[in-house]
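In terms of this note's numbering, the sequence shown opens at residue 6 and continues consecutively. Each residue gets a CB set at the ideal place from its N, CA and C atoms; glycine is no exception. For reference, the structure discussed in these notes is given below.
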Amino acid sequence: MTFNALKEKGLPLEKQLRNWHLIVREPYNKNEVDCYSRTRQILMNGIEVEAWNFKHAFSRLCPDKEACDLVTMTRRIEDQQQTTINWLAPKDQSVLETTLGYEQVAVDLTAWLAQNEPDKYVKETYDFGLLEDFDHLYRYAQWAYMEEGICPNEIVQAQTDVIVGRPTQHHHNCNALRLRKPYDKATTAPQTKVNLMTLVSAEQQTHNYYAEHGFCYGNHVLRETYAEIKDVEEEHVTMYESLIDPTESLYEKLLLHEFTEVCNYYTCVEDEVDERLKKIWEFMLDVEIGHLHIAADLFKKYEKRDPEEIIGEDIIIPCRFTSQKEYVTKILTSQVNKRLGTDKDYMNIDELPSDWVSYDIQRKANELGSPTESTISIISEHMGRDIVRADKKLADKEVELLEKGLQEEALAPDTVYPESLQKMIDEYEENQAIKEKLEDEIY
Ligand SMILES: [Fe+2]
Ligand SMILES: [Fe+2]
Ligand SMILES: [Fe+2]
Ligand SMILES: [Fe+2]
């Protein structure tokens, strides 16, 4: 593959401003859209939000007038792009349906990145975070069914498994412990930099979405569930952004932001199955190549360096959205008992010191219970057991996974233990057998 974005013409800035009619496009049909068109739309919205946010930070920190003039002009375009993309979602797609889409993005994006990441330590961090978003998908899937009668496969279209991961009650850490070792900007591959910028954008937007929508439901435990998971997304932004070298200059960061946008839109164009959406991605790609030229010129002028030193000569594929079930199962079955180590490393539960700093956070945060645990007790009262969508081989391991993933220390008082889950499943299966027998007799 060769696509050197700096050699492409792109759309010049003076042609990028659009009228309201062209900014607001027709939404997709939630019953017909491919689940990975939806994940692209969710991811690209997050990328645009980050582009806009970063450029405000740039203006607040940069004393160079010419640079600020150009950045403020492109920032408005980023904002218009964000509107176009975010508003492709239809009004009848509920908050919980959209939420399942957000967690599908997190699972399938993180799993793809982990397999295409040249830096071993960054990869390990992706594998760690993967099992947390995987558990979020499972917890939200219960609520989507209870509140709206939606089965998770209506959204994830059987491309992503839904089953217990590392229990969310154990995702609450001391934020300082979430801080990982940053890469070295001088020696790290552009792929690692683009991968991280992509994931930080996705996690940040997930946090923002839960912050802005968790109150939309009347059910108090569901509101608390959003609050609990939103707090974990804050930890995820903290963790992933800490891998980025903080000594990159503003101009270097600007260049990497625009390049990340180019790479992601390039991938969207290549992968999109919906012709109408594909045209939107093509336009956005052209816009971003225009931005990249501006960032590259500023980098040359103020840093007196060649932009290709930072972004290389070829395009990077940050994510192909495809089913990652096999990889996720491998990490899930082998690493569900991992925790953040005290030396920027990772440890298994049985290696944690008794004064592990996150125990205190978990005891405090969960002292009156963990809403994501109550979620499972509540659904079992409604329909006998939890909602699981995975092939039989994985589904049969649910109790075993829970046993391996649960800590003995700092457990929430409403914890669903493996024995209770097993009992739920056994009773449910007995009841199913009785129901089937009765149905055979009656119909
Ligand atoms: Fe943009
Ligand atoms: Fe999540
Ligand atoms: Fe996350
Ligand atoms: Fe841009």
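| query | DSSP three-state call for Ile30: helix, strand or coil? | reply | Position 25 of the sequence shown, counted from the start, is the residue given in the question as residue 30. Checking the sequence shown, residue 30 turns out to be Arg, not Ile. If DSSP states are grouped into helix, strand and coil, Arg30 belongs with coil.
| field | Collapsed DSSP secondary structure at Lys343 in the structure displayed | value | Position 338 of the sequence shown holds residue 343. Of the three classes helix, strand and coil, the one that applies to Lys343 here is strand, per DSSP.
| Thr211 CB to nearest heavy atom of ligand 2 below 7 Å | Stepping through the sequence shown from its first residue, residue 211 is reached at position 206. Because some heavy atom of ligand 2 lies under 7 Å away, the Cβ of Thr211 counts as near it: yes.
| task | Assuming Leu75 and Leu303 form a contact by the criterion Cβ under 8 Å, report the distance between their Cβ atoms to the nearest whole angstrom. | result | Numbered from 1 along the sequence shown, position 70 holds the residue referred to as residue 75. Numbered from 1 along the sequence shown, position 298 holds the residue referred to as residue 303. So it is a contact: roughly 7 Å between Cβ atoms.
| task | Buried or exposed for Ser363, please, with buried defined as at least 16 other CB atoms from any protein chain shown within 10 angstroms of its CB. | result | Indexing the sequence shown from 1 puts residue 363 at position 358. Buried is the call here.
| said: For a quick check, are the C-beta atoms of Arg171 and Glu137 less than 8 Å apart? | reply: Taking the first residue of the sequence shown as 1, we reach residue 171 at position 166. Taking the first residue of the sequence shown as 1, we reach residue 137 at position 132. Yes, the pair counts as a contact, with Cβ atoms nearer than the cut-off.
| request: Tell me, please, which residues DSSP counts as bridged to Met352. | output: Walking along the sequence shown from the start, residue 352 turns up at place 347. Paired residue(s): Arg344.
| query | Any idea if Met151 is buried or exposed, counting beta-carbon neighbours within 10 angstroms, 16 or more meaning buried? | reply | Counted from its first residue, the sequence shown places residue 151 at position 146. It is buried - the Cβ of Met151 has at least 16 other Cβ atoms within 10 Å.
| query | In chain order, what residues place their C-beta within less than 6 Å of a heavy atom belonging to ligand 1? | reply | Glu53, Ala56, Glu83, Gln86, Glu266, Glu293
| task | Report all residues from its chain with a CB closer than 8 Å to the CB of His387; omit the five preceding and five following residues, and keep chain order. | result | The residue you call residue 387 lines up with position 382 of the sequence shown. Result list for His387: Met151, in chain order.
| request: Would you mind sorting His61 into buried or exposed? The rule is 16 or more other CB atoms within 10 Å of its CB. | output: Along the sequence shown, read from residue 1 onward, the residue named residue 61 stands at position 56. Label assigned to His61: exposed.
| Should the region 45-61 be called in touch with the region 263-276, which here means at least 3 C-beta pairs below 8 Å? | yes
| Who are the near neighbours of Lys186 in its chain, counting only those whose CB is closer than 7 Å to its CB and skipping five residues on each side? | Locating residue 186 in the sequence shown gives position 181, counting from the first residue. Correct list, in chain order: Tyr126, Lys349.
| said: Taking the straight line between their C-alpha atoms, what separation do you get for Ile381 and Gln85? | reply: Against the sequence shown, residue 381 aligns to sequence position 376. Against the sequence shown, residue 85 aligns to sequence position 80. Approximately 41 Å between the Cα atoms of the pair.
| query | Within 10 angstroms of its Cβ, does Phe133 collect 16 or more other Cβ (buried), or is it exposed? | reply | Looking up residue 133 in the sequence shown gives position 128. By the neighbour-count rule (16 or more Cβ atoms within 10 Å), Phe133 is buried.
| Do you know whose CA, among Ile439, Leu11, Lys14, Leu93, lies nearest Leu27's CA? | By one-based count along the sequence shown, residue 27 stands at place 22. Per the Cα distances, Leu93.
| task | Say yes only if the C-beta of Thr272 is nearer than 7 Å to one or more non-hydrogen atoms of ligand 4, and no if none qualify. | result | Position 267 of the sequence shown, counting from 1, holds the residue named residue 272. Answer for Thr272: no, Cβ out of range of ligand 4.
| field | Alpha-carbon spacing of Ile366 relative to Gln412, whole angstroms | value | For this step, residue 366 is matched to residue 361 along the sequence shown. For this step, residue 412 is matched to residue 407 along the sequence shown. Cα to Cα, the separation comes out at about 14 Å.
| query | What does a CB cutoff of less than 7 Å around Ile299 pick up in its chain, not counting 5 residues either side in sequence? | reply | Position 294 of the sequence shown, counting from 1, holds the residue named residue 299. Leu18, Leu75, Thr79.
| Asp263 and Glu238: beta carbons closer than 8 Å? | Locating residue 263 in the sequence shown gives position 258, counting from the first residue. Locating residue 238 in the sequence shown gives position 233, counting from the first residue. The amino acid occupying residue 263 in the given sequence is Glu; Asp does not appear at that position. No, these two residues do not count as a Cβ contact at 8 Å.
| message | Measuring only the C-alpha atoms, how far is Asp401 from Leu182? | response | Counted from its first residue, the sequence shown places residue 401 at position 396. Counted from its first residue, the sequence shown places residue 182 at position 177. One C-alpha to the other measures close to 34 Å.
| Where Pro323 falls, given that 16 or more other Cβ within 10 Å makes a residue buried | Position 318 of the sequence shown holds residue 323. Pro323 is buried by the Cβ-count criterion.
| At which residues does the alpha helix (DSSP H) containing Arg325 begin and terminate? | Numbered from 1 along the sequence shown, position 320 holds the residue referred to as residue 325. Taken as a continuous stretch (DSSP letters only), Arg325 belongs to no alpha helix (DSSP H), as it is neither H nor E.
| said: By the three-class DSSP mapping on this structure, what secondary structure does Arg228 have? | reply: Here residue 228 refers to the residue found at position 223 of the sequence shown. Helix.
| Is the closest heavy atom of ligand 4 to the C-beta of His61 under 7 Å? | One-based indexing of the sequence shown puts residue 61 at position 56. Answer for His61: no, Cβ out of range of ligand 4.
| Limits of the unbroken alpha helix (DSSP H) element including Pro95 | Indexing the sequence shown from 1 puts residue 95 at position 90. It is not in any alpha helix (DSSP H) - Pro95 carries neither H nor E in the DSSP assignment.
| message | Between Val54, Leu248, Leu105, Asn342, which has its C-alpha nearest His176's C-alpha? | response | Here the question's residue 176 lines up with position 171 in the sequence shown. Out of Val54, Leu248, Leu105, Asn342, Asn342 has the C-alpha closest to the C-alpha of His176.
| said: Below 7 Å, is the gap between the Cβ of Asp445 and the nearest heavy atom of ligand 3? | reply: Here residue 445 refers to the residue found at position 440 of the sequence shown. No.
| field | Counterpart residues of Val167 in DSSP-defined beta bridges | value | Counted from its first residue, the sequence shown places residue 167 at position 162. According to DSSP, Val167 bridges with Arg394.
| Neighbourhood of Thr1 by C-beta, 6 Å cutoff - its chain only, sequence neighbours within 5 removed | No statement about residue 1 is possible, as the shown extent of the chain runs from 6 to 448 and does not include it.
| query | If you compare alpha carbons, which of Arg144, Pro95, Asp97, Tyr131 is closest to Tyr332? | reply | Along the sequence shown, read from residue 1 onward, the residue named residue 332 stands at position 327. Considering only alpha carbons, the answer is Tyr131.
| message | For ligand 3, I want to know if His177 counts as a neighbour, meaning its beta carbon is within less than 7 Å of at least one of the ligand's heavy atoms. | response | Stepping through the sequence shown from its first residue, residue 177 is reached at position 172. False, no ligand heavy atom lies under 7 Å from that Cβ.
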